[in-house]
Every structure is written in structure tokens, then in C-alpha cells.
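All letters in the sequence shown, in the order written, are residues 778 to 887 by my numbering. All residues carry an ideal CB built from backbone N, CA and C; glycine is no exception.
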Amino acid sequence: MEEYNTSCSQGHDRLFAKPAPLLRPLVGPKYYAVKARTVALGTKGGIKVNEKLEVLDKRSRPIPGLYAGGFDAGGMYGDSYPIRVSSGLSSAFALNSGRIAGRKALTHLA
């Protein structure tokens, strides 16, 4: 962590060449980890959504109050499909898109 945080402060990741705009230091006091195994898990296609995870109609207009996340939400892979899909990639998209869609759904209910 010290080495990564040093890379962040220097704006250069010499180990993994992570782009400087994406370098963010890891500061505590809490850290979380998840054990994952590599598996082939994913779909291409799915329900068309925008950046707010709102489901879009055939004319790309949001359908009020309808949200999708995880692999129900299309667009994660754009117009191509990676050869190697890992559970980390799949899980990260499912967790974050579900979180975003859930928060947006709550604001729609209020």
C-alpha cells in the first residue's frame, strides 16, 4: 500500500502503468477485500440503459421508474465481448450497477 500510495503522490504507476487520472491513494482506517475465483460469467446484450441505469425505450428515452443492473443491464462490453471474463469484473459491475440503480430507484420513490 505504501508503494501504491507513493505512486499516487508522484502521479506515475511504474509497476502497472495505471493512468495518472485513475491513481487514488488508499487511506484507512478501513479496507475491504473479497475472495473471488476466475470463471466465465457474463452476457452480451441485455436491457439498454443509460449512465443512471435507467431502462431506455426503443427511442433511447428513459422509462420513468424502471432501472436495471448487473447482467440484465446491457452495455457493459460495448460492441465487443472480451475473450477472458473474470468473476471480479462481473461481480464489480453487478455490485456497482445494482448500487447505482437502487439509489436512483429510491430517489424516484421519494
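Quick check: the Cα distance between A845 and A887, rounded to an integer number of angstroms?
Their Cα atoms are separated by approximately 19 Å.
Is the beta carbon of P802 closer than 8 Å to that of S786?
Yes, the pair counts as a contact, with Cβ atoms nearer than the cut-off.
Pairs of beta-carbons, one from the segment 870 to 879 and one from the segment 821 to 836, closer than 8 Å: are there three or more?
Touching, yes.
Please report how far the alpha carbon of L843 lies from the alpha carbon of L792, in whole angstroms.
When rounded, the distance between both Cα atoms is 42 Å.
How about V826: is its C-beta nearer than 8 Å to some C-beta of chain B?
Absent from the structure: chain B. Only one protein chain is present.
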